[in-house]
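**Q** Structure provided below as structure tokens; questions to follow.
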Amino acid sequence: MSATHFDIAIQGGGPVGLACAAWCLQKFPEAKIALLDRNPVEDADLAAADSRGIALSHGSKLLLDTINAWPTECANIHRVHVSQAGRFGRALMTREELKQDALGHIIRYRDIHLTLRKALRAIETKSPNFVWKHLDAQADTSNIQAKCVVHAEGGLFKTQDWVESGRDYEQSALVGLVEVENAAPYQAWERFTSEGPLAVLPSHYGPNILNLVWCGNPSSSQARLALSDVEFLKSLQAEFGSRIGQFLKIQDRRLYELGLNYRKEITQGNAVWIGNAAQTLHPVAGQGLNLGLRDAYLLAEKLSALFSKPEDQKTPLAIENTLQDYAQSRKADRSATIGLTDFMARIFTSNLFPIVVGRGLALSALQWLPSVKTAIARQMMFGRR
Ligand SMILES: Cc1cc2nc3c(=O)[nH]c(=O)nc-3n(C[C@H](O)[C@H](O)[C@H](O)COP(=O)(O)OP(=O)(O)OC[C@H]3O[C@@H](n4cnc5c(N)ncnc54)[C@H](O)[C@@H]3O)c2cc1C
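Numbering (my numbering), first residue to last: 1 to 385.
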């Protein structure tokens, strides 16, 4: 094998690309894989990177545990309180109802990223044919040839250089860390406001420091970003109410544009798209990375099974068939997760009177129909199998 010829090239060293490389190598250590990573070589250079809190499901924890990639700094969710601002209807989900240790876990993006890098480095020591290439943005990769190309370039809505199917919700998410007076430990709050969902989620810093994800229309979000801390806290208090006492402090405010962008076809010839490179979701249901990790795990299973076969069986046709088989096996989970997220993003933002009333009824019904609540929670925790 020349240094530039590989069985698999993975483009993108974000959480999904890293996890895919790690699972492929764990299942088949001899795999000839190149990971093309545009992030800095040194972890220290990522220490100040993206600190937004990400909700990972119990299913994702089980997957990441298989490669020792579960971050130590993590906050568990035991209860989720869902309500709508100024209207009737609320629902409470608890870990006891679902018979789980936790309903989910909140971890900073950069901790997930750094822990996966560490896990892959450990696996790399036992993987003689793995090459982890750190490239700068202008690097020419045309000399790197691979039988199969995995696209894991990720990206955020409106920053992606492809647009296929989807929806612009005309919303932005303002995220930050907020200190409050009196929060119940392990509790997450999701409140639907006239402009979009407002989530207040636990953090590993302690019960009174919470992750804020406040979705609103782009102009109000931009205006909120520019407010002084005092004015910002005042307007947050007005929108959220006093369930967790006074909002005392806000730090690290950042803005993200939100929308749905997904590929109808996730394979083409010897190429396959996973994670945000395949679908970018609204964060209302906290599903983007959870779905991406399931993509990565399943693809790794299929690719390692194929590439551990004798050389003469790794034909272009066998690769194409394997990728099509992968796409088929992801269909139900992808469409359920994309559909549920899109539904929630739209239904919980509309101000049309019948929808407002219907939404209140739906939340109340959810409260009194434990089987429906459990089914939705299970889809969010484990995806469709
Ligand atoms: C505000 C907000 C809140 C969210 N909350 C949640 C949540 O609670 N739960 C959840 O599951 N998900 C959440 N998400 C979604 C989650 O962040 C993404 O689904 C996840 O980051 C996707 O991972 P990825 O590796 O596919 O892509 P990315 O995280 O975008 O990583 C892709 C990597 O590829 C690199 N890259 C780009 N182009 C190239 C190239 N040409 N060659 C090589 N490398 C390249 C990038 O530098 C990056 O490092 C949220 C998103 C937002 C915006």
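We put the beta carbon where it would ideally sit given N, CA and C, even for glycine.
Got a sec: does ligand 1 put a non-hydrogen atom nearer than 7 Å to the Cβ of residue 262?
**A** The count along the sequence shown starts at 1 and reaches residue 262 at position 262. Result no, Cβ not under 7 Å from ligand 1.
**Q** May I ask which residues mark the beginning and end of the alpha helix (DSSP H) holding residue 21?
**A** Here the question's residue 21 lines up with position 21 in the sequence shown. It spans 15 to 27 - the alpha helix (DSSP H) in which residue 21 sits, taken as one unbroken run.
**Q** Helix, strand or coil for residue 297, going by three-state DSSP, please let me know.
**A** Translated into positions along the sequence shown, residue 297 becomes position 297. Looking at residue 297 - three-state DSSP - the assignment turns out to be helix.
**Q** Which residues mark the beginning and the end of the alpha helix (DSSP H) in which residue 113 is found?
**A** Sequence index remark: in the sequence shown, residue 113 carries index 113 (1-based). Where residue 113 is concerned, the enclosing alpha helix (DSSP H) stretches over 109 to 124.
**Q** Say yes only if the C-beta of residue 22 is nearer than 7 Å to one or more non-hydrogen atoms of ligand 1, and no if none qualify.
**A** The residue you call residue 22 lines up with position 22 of the sequence shown. Not so, every heavy atom of ligand 1 lies at least 7 Å from the Cβ.
**Q** Who are the Cβ neighbours of residue 84 in its own chain at under 6 Å, not counting the five residues just before and after it?
**A** Along the sequence shown, read from residue 1 onward, the residue named residue 84 stands at position 84. Same-chain partners within the cutoff: 192.
**Q** Could you work out which residue in 264, 315 and 39 is closest to residue 164 when comparing CA atoms only?
**A** Here residue 164 refers to the residue found at position 164 when the sequence shown is read from its first residue. Among 264, 315 and 39, the Cα nearest to that of residue 164 is on 264.
**Q** What are the boundary residues of the beta strand (DSSP E) that includes residue 133?
**A** Numbered from its first residue, the sequence shown carries residue 133 at position 133. 130 to 134 is the extent of the beta strand (DSSP E) around residue 133.
**Q** Mark residue 343 as exposed unless 16 or more other C-beta atoms lie within 10 angstroms of its C-beta, in which case mark it buried.
**A** Residue numbering aside, residue 343 sits at position 343 when the sequence shown is read from its first letter. Label assigned to residue 343: exposed.
**Q** CA-CA distance, residue 332 and residue 247?
**A** Looking up residue 332 in the sequence shown gives position 332. Looking up residue 247 in the sequence shown gives position 247. Roughly 41 Å between the two C-alpha positions.
**Q** Bridge partners of residue 83, per DSSP?
**A** Taking the first residue of the sequence shown as position 1, residue 83 is located at position 83. Beta-bridge pairing links residue 83 to 90 and 191.
**Q** Who pairs with residue 216 in a beta bridge, going by DSSP?
**A** Within the sequence shown, numbered from 1, the residue matching residue 216 stands at position 216. Note: residue 216 sits in a beta bridge opposite 172.
**Q** Using a threshold of 7 Å, is the CB atom of residue 153 nearer than that to any non-hydrogen atom of ligand 1?
**A** Start at 1 with the first residue of the sequence shown, and residue 153 comes out as number 153. Residue 153: yes, Cβ under 7 Å from ligand 1.
**Q** Using alpha carbons as the reference points, say which of 19, 283, 194 and 312 lies closest to residue 341.
**A** By 1-based counting over the sequence shown, the position of residue 341 is 341. Per the Cα distances, 283.
**Q** Can we count residue 103 as close to ligand 1, meaning its CB is less than 7 Å from some heavy atom?
**A** Here residue 103 corresponds to residue number 103 of the sequence shown, with the count starting at 1. No, Cβ of residue 103 sits at least 7 Å from all heavy atoms of ligand 1.
**Q** Which value, in whole angstroms, describes the spacing of the CA atoms of residue 273 and residue 157?
**A** Numbered from its first residue, the sequence shown carries residue 273 at position 273. Numbered from its first residue, the sequence shown carries residue 157 at position 157. So the two alpha carbons sit approximately 16 Å from each other.
**Q** Kindly indicate which residue of 14, 4 and 5 has the alpha-carbon position closest to the one of residue 277.
**A** In the sequence shown, residue 277 corresponds to position 277, counting from 1. Among 14, 4 and 5, the Cα nearest to that of residue 277 belongs to 14.
**Q** Measuring straight from C-alpha to C-alpha, what distance separates residue 209 and residue 178?
**A** Position 209 of the sequence shown, counting from 1, holds the residue named residue 209. Position 178 of the sequence shown, counting from 1, holds the residue named residue 178. The alpha-carbon atoms of residue 209 and residue 178 are separated by roughly 6 Å.
**Q** Please report the distance separating the alpha-carbon of residue 80 from that of residue 187.
**A** As a position in the sequence shown, residue 80 is number 80, starting the count at 1. As a position in the sequence shown, residue 187 is number 187, starting the count at 1. If you take the alpha carbons of residue 80 and residue 187, they lie about 6 Å apart.
**Q** Could you pull the start and end residues of the beta strand (DSSP E) that residue 250 belongs to?
**A** By 1-based counting over the sequence shown, the position of residue 250 is 250. Start and end: 247 to 262.
**Q** What residue range does the beta strand (DSSP E) around residue 75 cover?
**A** Indexing the sequence shown from 1 puts residue 75 at position 75. Counting along the chain, the beta strand (DSSP E) containing residue 75 begins and ends at 75 to 77.
**Q** Would the beta-carbon of residue 59 fall within 8 Å of that of residue 211?
**A** Position 59 of the sequence shown holds residue 59. Position 211 of the sequence shown holds residue 211. Taking 8 Å as the Cβ cut-off, residue 59 and residue 211 do not qualify as a contacting pair.
**Q** Could you check if residue 222 belongs to the surroundings of ligand 1, using beta carbon to heavy atom distance under 7 Å?
**A** Taking the first residue of the sequence shown as 1, we reach residue 222 at position 222. Because no heavy atom of ligand 1 lies under 7 Å away, the Cβ of residue 222 does not count as near it: no.
**Q** Does the beta carbon of residue 109 fall short of 7 Å from some heavy atom of ligand 1?
**A** Taking the first residue of the sequence shown as 1, we reach residue 109 at position 109. The answer is yes for residue 109.
**Q** I'd like to confirm the pairing. Which residues does DSSP put opposite residue 179 in its beta bridges?
**A** By 1-based counting over the sequence shown, the position of residue 179 is 179. 209 and 249.
**Q** Going by CA-CA distance only, name the one from 231, 96, 205 and 170 that's closest to residue 217.
**A** For the purposes of this step, residue 217 is identified with residue 217 of the sequence shown, where counting begins at 1. For residue 217, the nearest C-alpha among the options comes from 170.
**Q** Confirm the yes/no value for this check: CB of residue 138, any heavy atom of ligand 1, distance under 7 Å.
**A** Taking the sequence shown and counting its residues from 1, one reaches residue 138 at position 138. For ligand 1, not one heavy atom lies less than 7 Å from the Cβ of residue 138.
**Q** Please return the same chain residues whose Cβ sits closer than 8 Å to the Cβ of residue 237, not counting the five positions on each side in sequence.
**A** Taking the first residue of the sequence shown as position 1, residue 237 is located at position 237. Same-chain partners within the cutoff: 246 and 247.
**Q** Any chance the CB of residue 339 is under 7 Å from a heavy atom of ligand 1?
**A** One-based indexing of the sequence shown puts residue 339 at position 339. No, the beta carbon of residue 339 sits no closer than 7 Å to any heavy atom of ligand 1.
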